[in-house]
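Following: one structure in structure tokens, then a few remarks.
Numbering (the numbering used here), first residue to last: 26 to 173.
Here is the structure:
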């Protein structure tokens, strides 16, 4: 009995979930780019954007609307970047609804109560300044000139 209880508790404890999304990261100008950090090139900020895609998980597993990270980037964020006239997005942050396996099993058992699901992506939309070099600092100290 204790063994069954121990195995049940171990099965109900947390687990690791890794979500991945394939997004364009090349800043060559062919397509928009997405990066979680900053970029070294000069750019003009077009503003912050936050996009959300919401739906439900039927039977605890079936994502009919597409509330995964890939859909959040490809179907929601990238079209918004294009609409704003940006070349890409920097400092991207995202949040996706996650459920424990036991919650998904309960969602399958109680199939008439779908689990709400959403993905939210926040980023800064930028337009690259092509052909312009980074401006040197105007406060640069000039080296002393020796006079003879």
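C-beta: ideal position from N, C-alpha, C; glycine also.
What you are looking at is a predicted structure, and each value in this text was computed from that prediction instead of being measured.
Original post:
Is DSSP giving residue 88 helix, strand or coil here?
Top reply: strand
**OP:** Could you spell out where the alpha helix (DSSP H) holding residue 64 opens and where it closes?
**Re:** Segment: none, residue 64 is in no alpha helix (DSSP H) and carries neither H nor E.
Original post:
Which residue or residues does DSSP assign as beta-bridge partners of residue 97?
Top reply: Its beta-bridge partners do not exist; DSSP assigns none.
Original post:
Among all the DSSP beta bridges, which residues are the ones paired with residue 140?
Top reply: 82
Subject >> Contacting residues, own chain, Cβ-Cβ under 6 Å from residue 165 (five flanking each side not counted) >> reply: Below a pLDDT of 50, predicted positions are generally treated as unreliable, and residue 165, at 45, falls in that range; no measurement from the model is reported.
Subject >> Same chain, Cβ closer than 7 Å to residue 63, neighbours up to 5 away in sequence not counted >> reply: Close CB contacts of residue 63 within its chain, under the 7 Å cut and outside five residues either way in sequence, are with 115, 116 (chain order).
Original post:
When the Cα atoms are used, what is the spatial distance from residue 150 to residue 77?
Top reply: 16 Å
**OP:** Mark residue 79 as exposed unless 16 or more other C-beta atoms lie within 10 angstroms of its C-beta, in which case mark it buried.
**Re:** exposed
**OP:** For residue 61, count neighbouring C-beta atoms within 10 Å of its own C-beta (all shown protein chains included) and say buried if the count is 16 or more, exposed if not.
**Re:** exposed
Subject >> Supposed close pair residue 94, residue 119 - CB separation, criterion 8 Å >> reply: The pair is a contact, with the Cβ atoms about 6 Å apart (cut-off 8 Å).
**OP:** Determine the burial state of residue 113: buried for a count of at least 16 other Cβ atoms within 10 Å of its Cβ, exposed for fewer.
**Re:** Counting Cβ neighbours within 10 Å, residue 113 comes out buried, since at least 16 surround it.
Original post:
Quick one, are the C-beta atoms of residue 152 and residue 66 less than 8 Å apart?
Top reply: no
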